[in-house]
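Residue numbers (our numbering), protein chains in the order written: chain A, 80 to 401; chain B, 80 to 401. I have placed the structure first, in the form of structure tokens, so that the comments after it can refer back to it.
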């Protein structure tokens, strides 16, 4: 499968490296608004073709999937552009800046009958099934609560601070904590309770979020752009608990007895970067003629965007284009 | 120092074992409402004297400090009884069932000029100073957020479920998470945001709490009586983070770099049970003629009770005697 990468930033390079390590897909093309930048990227990352405009790459008939690697403030525009050219899309998370944009993009893809899916890699990884299999086995008893966090010191990244780029911790890193909760406990929440501390620029600098589920489970999440965190996702049951180490790219799953002794430790399979699973999911879905991935259905993408809209509304964090 | 233990339950036995291991204090007496129970306790726990009523023990002139080991629903009554007899008091946490009771007990102690302090052991332990010294050194950079949790599967303890005994997770175990936050970040909070899931009996079964500090720090806490947790207290700074392992009795302090690598691990000093530090603090305060311990001033005890009152008010958890 020939993949075209739209955007030439850090995450685009990670995708190129991933594709270079895969036999099922290849880093075929890259497009940037600057031909010079695209060519430099192509050389540095072993990409066959370089285009100085997105439109040129999208006109290339050999491109079978476009990976959108631009900031989420631009996903609606770039997603629609790809779909208008009939190109299947793997769109980096957060899917868009808000639920209205997500709805517009998904409606447009449905109208044009073009495949699109959100590149929230944790949904596609083997760790997801491993964790849910352990829960289903009953080893931890009844699950009562989970916690998860993801924070990085990111204040040197201007994009994070700018409202017009949909900055803030939530859409960039907090989204993983919400996805972790959704993957483990589902989506039947009756209440979201939260606090945020804002940056001087008016976006969320750090957040704490409580999800209350209809069945009495709680998810306790925190995220931020001011400090690195340990990145644990912890699942508490009546017979023990499980620590998923690094919810952004789970490498180890630890099972503990109630008295806090490590019972066993499970490593996830070796991977290239972890991005290969979302690419493979796209390949499977496209081969089957589907318009979405079962790993991250459109309804789920929309739901997470709606959760983030509700959180931002509570905090009074509004982007200038909203 | 001769200590009299008021109550003969599990925690009373832990205190007797502690005193038996100390050279500065001794397990001198125990009192229970049943002489038989007191005598069995005294035999099993190497306590010199056994009394079949609290009043009899309090009449013993040799008793220099009384440790109240009854449920917190009875602390006001038993505290006042001790003070009326002029006996200094080390009162197990939670100090009382609510802030009004705490105020009544502290006012009575002040009026009678008798020493009293709350036996919230973590306040008196060496780990407290060790943690705060690391923070003050700047090694972690600016502290931005903390998290802490303490939960046990305690549904087999009837006391935990009964409203008339001031049951629920908050007063029994959640209190440690609030104390951890208070010890690390102080008390200048502008908002408490929380959720609780109640038991069939109407007390709090599990809780999630966000404390928002005036300076923009957040404390994210959870507690419960339905599942054991990993008991980590984590302090996040701009240059790294620290994990305090077991916030109920910190044994190890781990310092991590921002990229989640263990930099160093610090063990706390060997201890008998950990209760010895609160006993030694009482001994120092009494020798200095003080009416409170600097490790847990009365104002601080009252503040934590007020926080718990506010949380319960939000949740609609009311005890029948309130």
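Ideal Cβ placement from N, Cα and C applies to all residues, glycine included.
Linking residue 326/A to residue 87/A through their CA atoms gives a straight-line distance of about 26 Å. For residue 301/A, the chain B residues whose C-beta falls within less than 8 Å of its own C-beta are 224, 226, 297, 299, listed in chain order. DSSP, read as helix, strand or coil, puts residue 340/A in coil. Secondary structure of residue 393/B (DSSP, three-state): helix.
By the rule that beta-carbons nearer than 8 Å mark a contact, residue 344/A does not touch chain B.
Distance from the Cα of residue 228/B is smallest, within the candidate group 273/B, 256/B, 93/B, for 256/B.
With at least 16 other beta carbons inside 10 angstroms of its own, residue 273/B counts as buried. Residues of chain B whose Cβ lies closer than 7 Å to the Cβ of residue 247/A do not exist, since the nearest Cβ in that chain is about 15 Å away.
Straight-line measurement puts the Cα of residue 350/A at about 57 Å from the Cα of residue 181/B.
When secondary structure is reduced to three states using DSSP, residue 135/A falls in the helix class. If you check each beta-carbon in the region 336-362 of chain A against every beta-carbon of chain B, the ones closer than 9 Å belong to 336, 337, 338, 339. Within the model, the alpha-carbon separation for residue 109/A versus residue 353/A is close to 20 Å. The residue among 224/B, 134/B, 144/B with its C-alpha nearest the C-alpha of residue 83/B is 144/B. The residue among 164/A, 203/A, 202/A, 158/A with its C-alpha nearest the C-alpha of residue 183/A is 158/A. Residue 365/A has its alpha-carbon roughly 43 Å from the corresponding atom of residue 226/B. When the Cα atoms are used, residue 372/B and residue 284/B turn out to be separated by approximately 32 Å. Between residue 315/A and residue 222/A, the C-beta spacing is below 8 Å. About 4 Å separates the beta carbons of residue 260/B and residue 298/B, which is inside the 8 Å limit, making them a contact pair. Residue 265/B counts as exposed, since fewer than 16 other beta carbons sit within 10 angstroms of its beta carbon. Taking a contact as a CB-CB distance under 8 Å, the pair residue 362/A and residue 105/A does not count as one, their CB atoms being some 11 Å apart. DSSP places residue 186/B inside the alpha helix (DSSP H), whose first and last residues are 178-191. Using beta-carbon distances, residue 210/A does not count as an interface residue toward chain B, since no partner is under 8 Å. At a cut-off of 8 Å between C-beta atoms, residue 320/B counts as an interface residue with respect to chain A. Taking the Cα of residue 294/B as reference, the smallest distance to any Cα among 286/B, 306/B, 308/B, 269/B is reached at 269/B. By the 16-neighbour rule on beta-carbons within 10 angstroms, residue 123/A is exposed.
For residue 168/A, the uninterrupted beta strand (DSSP E) run begins and ends at 168-171, by DSSP. Short of 6 Å from the beta carbon of residue 129/B, and not among the five residues preceding or following it, lie these beta carbons of its own chain, in chain order: 109, 117, 118, 121. If only complete runs of 3 or more residues are kept, the region 88-137 of chain B shows the beta strand (DSSP E) at 105-110, 128-130, in order along the chain. Separation of residue 367/A and residue 375/A (C-alpha to C-alpha, rounded to the nearest whole angstrom) is 16 Å. Checking the DSSP bridge columns, you'll see residue 270/B partnered with 291/B.
When secondary structure is reduced to three states using DSSP, residue 321/A falls in the strand class. The beta carbon of residue 114/B is closer than 6 Å to those of 131 in its chain, skipping five residues each way along the sequence. By the 16-neighbour rule on beta-carbons within 10 angstroms, residue 150/A is buried.
Between the C-alpha atoms of residue 254/B and residue 170/B there is a straight-line separation of about 14 Å. In this structure residue 307/B does not touch residue 292/A by the C-beta definition: roughly 20 Å separates them, more than the 8 Å allowed.
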